[in-house]
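S.K.: Can you keep this structure in mind? I'll have questions shortly.
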Amino acid sequence: MNFEEYAAKPLLGAGGITVPEGVVVNSPEAAAVAAEKLGKVVVKAQVPVGKRGKAGGIQLADTPALAAHHARNILGMTIGGLTVGQVLVEQQSDIKHEFYAAVLNDPVSKGPVVMFSTEGGMDIEDIAIATPERLHRAEVDIRRGFNREQAVKLVGALDLDGANSKVADVLSKLYDVYRENDAELLEINPLIITSKGHVVALDCKFVMDDSAVKRHPELAARGTPEVLSGLEAKGDANAVKYIELDGDIAVLANGAGLTMTTMDVVRHYGGKPANFCEIGGEAYTKGKVALEMVLEKPGVKSLVVNFCGAFARCDVMMEGLLSAWEELKPELPVFFSIAGTGDMEAIRLLKERLDMDPYPDMDAASKAAVDAARRAGAGS
Amino acid sequence: MRIVRKHHRVLVQGITGKQGTFWTERMQAYGTRIVGGVNPKKAGSEHCGVPVYASAREAMSADGGFDASILFIPPLGVKEAAMDAIEADAKGICILTEHIPVQDVMYIMAAAKERGTQITGPNTAGSVTVGECFLGFMPAFNERIFKRGSVGVMSRSGSLGTLMCQNIVSAGFGQSAFVGIGGDPVIGTTTRDALEALDHFEGTDAVVIVGEIGGTMEEEAAAYAAGMHKPVFAFIAGGAAPVGKKMGHAGAIVMGDKGTYRSKRTALEQAGVMVLDTPSHVGDALKGALAK
């Protein structure tokens with residue numbers, strides 16, 4: 311789950327890291343009022359994507375009138391496909407140096423990694439390519455944490471204009487904020503040194519681990535919900551993973567790997583999948599709602615159903631799907647492939663209720679669905 | 378301990394729950410040597426014909442102890458249960474649960490590494506030592522899917538791994554062992570670890586890797602595959618998936634140019650691995666490689 315800057319920065323503040331004073335507002339008038347109080351400000355678009363500055367979503371304003379002007383321009387702007395609904399009005403900082411700091415989950419070392427670079431202000435991917443020698447990292451034993459001494463070891467030898475001790479302090483605190491809030495990524499970019507030698511977090515990116523959201527209900531309420539299409543939201547509400555794609559061949563399968571593969575095989579035979587929809591794991595009893603969703607997408611021309619039972623039983627999935635079929639009476643052509651736990655019972659149900667047989671494998675079923683979509687396209 | 382054998386003594390943590398009971402009975406029927414279960418509230422009783430202990434540590438101190446533990450535990454309880462098994466000095470732990478907070482998983486991994494416990498999962502459907510025993514919720518007993526043979530199979534996905542196994546059997550071959558490694562971003566047994574275990578597993582003449590987009594595990598495994606003397610085949614799921622979306626598995630996400638289908642396919646092909654366009658091609662590939 312992503313958090314916008316205004317929702318992430320208070321976590322740093324609570325953890326003892328200095329952040330600029332600011333308020334989040336949703337109108338030019340409110341931006342002016344905020345600037346009255348704060349003095350010279352920066353007006354920042356609040357969307358959880360990078361490159362806001364390049365898109366014109368970050369502007370300096372030395373007067374309240376200018377703050378209102380910038381807020382008017384930025385509100386409603388589209389950045390990275392998202393519409394800006396709020397701006398953060400923040401006191402300007404005088405920047406002497408810009409650094410990069412982050413803590414993230416590392417699948418390779420299977421633990422947290424603290425990262426620091428003297429090249430702040432640019433994307434970490436670009437830092438890693440342009441100046442990898444300036445990217446310093448420390449692998450952390452999560453049972454012991456990342457204390458000040460370890461942070462000093464990471465940045466002690468760098469030229470930080472005398473702020474090494476303060477930066478080390480920030481890194482250790484950043485780690486604690488990462489840990490307390492189940493972050494998968496907590497990033498300060500840039501972390502600045504002011505001309506007076508203060509260390510300030512000018513921006514903050516916080517991504518919470520989706521599997522830990524249940525542990526932080528209050529904080530999660532301040533997160534940015536994923537942008538979902540109508541059908542995706544319906545899937546979300548029914549605990550069925552549905553992702554809308556731009557093709558015309560509907561896909562229904564169990565298990566993430568098998569569903570992705572069904573999409574791949576459809577594409578291999580020249581078709582375009584209309585969706586990812588899986589009813590594996592705990593969702594295997596949800597054949598009915600899944601069928602409703604894959605059929606609801608406008609323009610689908612055929613459907614491939616691919617079940618391979620392990621934990622999920624084919625007969626249970628088939629039962630749900632068939633009752634939805636009898637209710638919805640869809641007219642589009644459907645092609646089945648069935649294997650694994652409960653396959654014989656599922657095949658029997660299919661014969662009894664729809665008088666159909668499955669194809670011998672997913673390739674044959676997918677290919678038939680692609681051919682059917684092509685014929686339907688030619689006929690329309 | 379990445380491949381469990383029939384002589385290994387297996388503990389089931391969460392044995393008394395609905396799924397724990399259902400799959401314990403199936404594992405027993407297939408040949409898995411279940412020696413006990415854990416449920417602190419039902420300690421001292423018997424379930425599925427084996428004693429129920431208050432903790433894994435108690436089970437370890439009982440007559441004979443145990444080698445490996447399998448967890449049927451909900452997400453937020455896994456850290457405590459796994460730490461119990463690690464502190465009991467289990468040699469292996471199989472974690473089936475999906476949606477465990479990643480920081481909990483990393484905590485388990487750090488402790489396991491220190492104590493020398495090998496973790497499989499989380500978010501795996503389990504593993505099958507064909508004709509001997511199995512762990513997890515795998516259709517090991519379905520003869521159209523698992524048949525004793527010489528192909529080792531490893532998969533990040535349970536359903537797709539099962540499909541691959543069925544394709545192998547319908548092509549006239551069978552498996553030595555199946556290792557499900559799980560669909561999470563941080564897992565104990567990586568693609569490389571499983572490949573190495575299958576490479577050394579007796580009676581294995583070829584290995585099939587079932588991978589998917591996201592992470593760099595297939596690329597790391599390619600480095601090992603390059604030095605193997607057995608034929609290796611791979612199928613990578615997710616070539617048609619859009620960038621930046623989690624495709625059902627938390628680990629199956631392409632970010633920028635990292636974790637892409639292309640990067641994995643190229644790394645594997647450069648290591649001499651034959652990459653299959655669809656899982657159905659595995660039969661012909663094996664016929665070409667294993668025909669004497």
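As they're listed, the protein sequences go chains A and B.
Quick note: the first sequence uses this note's numbering, first residue 311, plus one each step.
Quick note: the second sequence uses this note's numbering, first residue 378, plus one each step.
Glycine residues also receive a C-beta, built at the ideal position from the N, C-alpha and C atoms.
As the structure is a prediction and not an experimental result, all values here were calculated from the model.
1. Tell me the residue span of the beta strand (DSSP E) that contains residue 398 of chain A.
2. In angstroms, rounded to a whole number, what distance separates the CA positions of residue 418 of chain A and residue 686 of chain A?
3. Flag residue 655 of chain B as yes if its beta-carbon sits less than 7 Å from any beta-carbon of chain A, otherwise no.
4. Alpha carbon to alpha carbon, how far is residue 537 of chain A from residue 391 of chain A? Give it in angstroms, no decimals.
5. With DSSP as the reference, label residue 705 of chain A as helix, strand or coil.
6. Between residue 514 of chain B and chain A, is the shortest Cβ-Cβ distance under 7 Å, so that the two count as touching?
7. Just the C-alpha distance for residue 355 of chain A and residue 520 of chain A, rounded to the nearest angstrom, thanks.
8. Under 9 Å between beta-carbons, which chain A residues line up against residue 480 of chain B? List them in chain order, please.
9. Which residue marks the beginning of the alpha helix (DSSP H) containing residue 601 of chain B, and which one marks its end?
10. Are three or more beta carbon pairs between the stretch 629–642 of chain A and the stretch 601–620 of chain A nearer than 8 Å?
11. With 9 Å as the C-beta to C-beta threshold (strictly closer), list the residues of the stretch 568–585 of chain B near chain A in chain order.
12. Please name the residue or residues paired with residue 471 of chain B in a DSSP beta bridge.
13. From B:601, B:623 and B:581, pick the residue whose C-alpha is nearest to that of residue 592 of chain B; which is it?
14. Does the stretch 404–419 of chain A touch the stretch 450–458 of chain B, meaning 3 or more C-beta pairs lie closer than 8 Å?
15. With distances taken between CB atoms, is the gap from residue 507 of chain B to residue 525 of chain B smaller than 7 Å?
16. Give me the Cα-Cα distance between residue 378 of chain A and residue 340 of chain A, rounded to the nearest whole angstrom.
17. Given that residue 663 of chain B touches chain A, what residues does it touch there, using C-beta distances under 9 Å?
18. Counting pairs of Cβ atoms below 8 Å between the stretch 493–500 of chain B and the stretch 563–574 of chain B, do you hit three or more?
19. Which residue spans inside the stretch 509–551 of chain B form an unbroken alpha helix (DSSP H) run of at least 4?
20. Buried or exposed for residue 606 of chain B, please, with buried defined as at least 16 other CB atoms from any protein chain shown within 10 angstroms of its CB.
21. Ordered along the chain, which non-local residues of its own chain (more than five positions away) have a Cβ less than 6 Å from that of residue 392 of chain B?
22. In terms of residues, what are the limits of the alpha helix (DSSP H) holding residue 460 of chain A?
23. Applying a beta-carbon distance threshold of less than 7 Å, which residues of chain B neighbour residue 668 of chain A?
24. Do we get a CB-CB distance below 7 Å when we pair residue 391 of chain B with the residues of chain A?
25. Starting from residue 593 of chain B, find everything on chain A with Cβ-Cβ shorter than 9 Å and list it in chain order.
26. Does the Cβ of residue 620 of chain B have 16 or more other Cβ atoms within 10 Å, making it buried, or fewer, making it exposed?
27. Using a beta-carbon distance below 7 Å, is residue 543 of chain B in contact with chain A?
28. Please work out which residues of its chain come closer than 8 Å, Cβ to Cβ, to residue 505 of chain A, disregarding the five sequence neighbours upstream and downstream, and give them in chain order.
29. In terms of alpha-carbon separation, which member of A:657, A:588 and A:428 lies closest to residue 713 of chain A?
30. Given this structure, state the Cα-to-Cα distance separating residue 560 of chain A from residue 610 of chain A, to the nearest angstrom.
31. Just to confirm the assignment, what range does the beta strand (DSSP E) spanning residue 428 of chain B have?
32. Taking the runs of the alpha helix (DSSP H) that are 4 residues or longer, which of them lie wholly in the stretch 425–456 of chain A?
33. For residue 524 of chain B, would you say it is in contact with chain A, using Cβ-to-Cβ distances shorter than 7 Å as the test?
34. If you measure between the beta carbons of residue 570 of chain A and residue 597 of chain A, is that distance less than 7 Å?
35. Go to residue 479 of chain A, then tell me how far its alpha helix (DSSP H) extends in each direction, as first and last residue.
36. Evaluate contact between the stretch 464–479 of chain B and the stretch 435–448 of chain B, counting only Cβ atoms and requiring at least three cross-stretch pairs below 8 Å.
M.R.: Well, looking at it:
1. Taking the first residue of the first sequence as 1, we reach residue 398 of chain A at position 88. Its beta strand (DSSP E) spans residues 397–401.
2. As a working mapping, residue 418 of chain A is identified with position 108 in the first sequence. As a working mapping, residue 686 of chain A is identified with position 376 in the first sequence. So the alpha carbons of these two residues sit roughly 47 Å apart.
3. Translated into the one-based positions of the second sequence, residue 655 of chain B becomes position 278. Closer than 7 Å: yes.
4. By 1-based counting over the first sequence, the position of residue 391 of chain A is 81. By 1-based counting over the first sequence, the position of residue 537 of chain A is 227. Each residue's Cα considered, the two are about 10 Å apart.
5. One cannot answer for residue 705 of chain A here, as it falls past the ends of chain A, which runs 311 to 690.
6. One-based indexing of the second sequence puts residue 514 of chain B at position 137. It does: the Cβ of residue 514 of chain B has a partner Cβ on chain A nearer than 7 Å.
7. The residue labelled residue 355 of chain A in the question sits at position 45 within the first sequence. The residue labelled residue 520 of chain A in the question sits at position 210 within the first sequence. When rounded, the distance between both Cα atoms is 24 Å.
8. Position 103 of the second sequence, counting from 1, holds the residue named residue 480 of chain B. Ordered by position in chain A, the residues that pass the 9 Å Cβ test against residue 480 of chain B are 415, 422, 452, 488, 489, 492, 493, 494, 519 and 522.
9. Working through the second sequence from its first residue, we reach residue 601 of chain B at position 224. Unbroken alpha helix (DSSP H) run through residue 601 of chain B: 594–602.
10. Output reads yes: the stretch 601–620 of chain A touches the stretch 629–642 of chain A.
11. Cβ contacts with chain A come from no residue of the stretch 568–585 of chain B.
12. If you number the second sequence from 1, residue 471 of chain B lands on position 94. As DSSP reads the structure, residue 471 of chain B sits in a beta bridge with B:447 and B:497.
13. Locating residue 592 of chain B in the second sequence gives position 215, counting from the first residue. For the set B:601, B:623 and B:581, the Cα lying nearest the Cα of residue 592 of chain B is the one of B:623.
14. no
15. Counting from 1 along the second sequence, the entry for residue 507 of chain B is found at position 130. Counting from 1 along the second sequence, the entry for residue 525 of chain B is found at position 148. Yes, Cβ-Cβ distance for residue 507 of chain B and residue 525 of chain B is below 7 Å.
16. In the first sequence, counting from the first residue as 1, residue 378 of chain A sits at position 68. In the first sequence, counting from the first residue as 1, residue 340 of chain A sits at position 30. So the two alpha carbons sit approximately 8 Å from each other.
17. Within the second sequence, the letter at position 286 stands for residue 663 of chain B. Neighbours of residue 663 of chain B on chain A: none; closest Cβ ~15 Å, over 9 Å.
18. yes
19. Taking only runs of at least 4 residues, the alpha helix (DSSP H) segments lying wholly in the stretch 509–551 of chain B are 535–547.
20. Your numbering for residue 606 of chain B matches position 229 in the second sequence. With fewer than 16 Cβ atoms within 10 Å of its Cβ, residue 606 of chain B is classed as exposed.
21. Within the second sequence, residue 392 of chain B is the residue found at index 15, counting from 1. 401, 414 and 424, listed in sequence order.
22. Position 150 of the first sequence, counting from 1, holds the residue named residue 460 of chain A. Where residue 460 of chain A is concerned, the enclosing alpha helix (DSSP H) stretches over 458–465.
23. On the first sequence, position 358 is the one that residue 668 of chain A refers to. Residues of chain B with a Cβ closer than 7 Å to the Cβ of residue 668 of chain A do not exist; the shortest Cβ-Cβ separation is about 13 Å.
24. The residue labelled residue 391 of chain B in the question sits at position 14 within the second sequence. Residue 391 of chain B does not count as touching chain A.
25. Numbered from 1 along the second sequence, position 216 holds the residue referred to as residue 593 of chain B. Under the 9 Å cutoff, chain A gives 417 and 418.
26. Here residue 620 of chain B refers to the residue found at position 243 of the second sequence. Classification for residue 620 of chain B: exposed.
27. Looking up residue 543 of chain B in the second sequence gives position 166. At a cut-off of 7 Å between C-beta atoms, residue 543 of chain B counts as an interface residue with respect to chain A.
28. Here residue 505 of chain A corresponds to residue number 195 of the first sequence, with the count starting at 1. Cβ neighbours of residue 505 of chain A beyond the five flanking positions: 404 and 406.
29. Given a span of 311 to 690 for chain A in the structure shown, any question on residue 713 of chain A remains unanswerable.
30. Start at 1 with the first residue of the first sequence, and residue 560 of chain A comes out as number 250. Start at 1 with the first residue of the first sequence, and residue 610 of chain A comes out as number 300. For residue 560 of chain A and residue 610 of chain A, the distance between alpha carbons rounds to 6 Å.
31. Position 51 of the second sequence, counted from the start, is the residue given in the question as residue 428 of chain B. It spans 427–430 - the beta strand (DSSP E) in which residue 428 of chain B sits, taken as one unbroken run.
32. 434–440
33. Within the second sequence, numbered from 1, the residue matching residue 524 of chain B stands at position 147. No, residue 524 of chain B does not count as interfacial toward chain A.
34. As a working note, residue 570 of chain A is residue 260 in the first sequence. As a working note, residue 597 of chain A is residue 287 in the first sequence. For residue 570 of chain A and residue 597 of chain A, no; Cβs fall outside 7 Å.
35. Mapped onto the first sequence, residue 479 of chain A falls at position 169. Counting along the chain, the alpha helix (DSSP H) containing residue 479 of chain A begins and ends at 474–490.
36. yes
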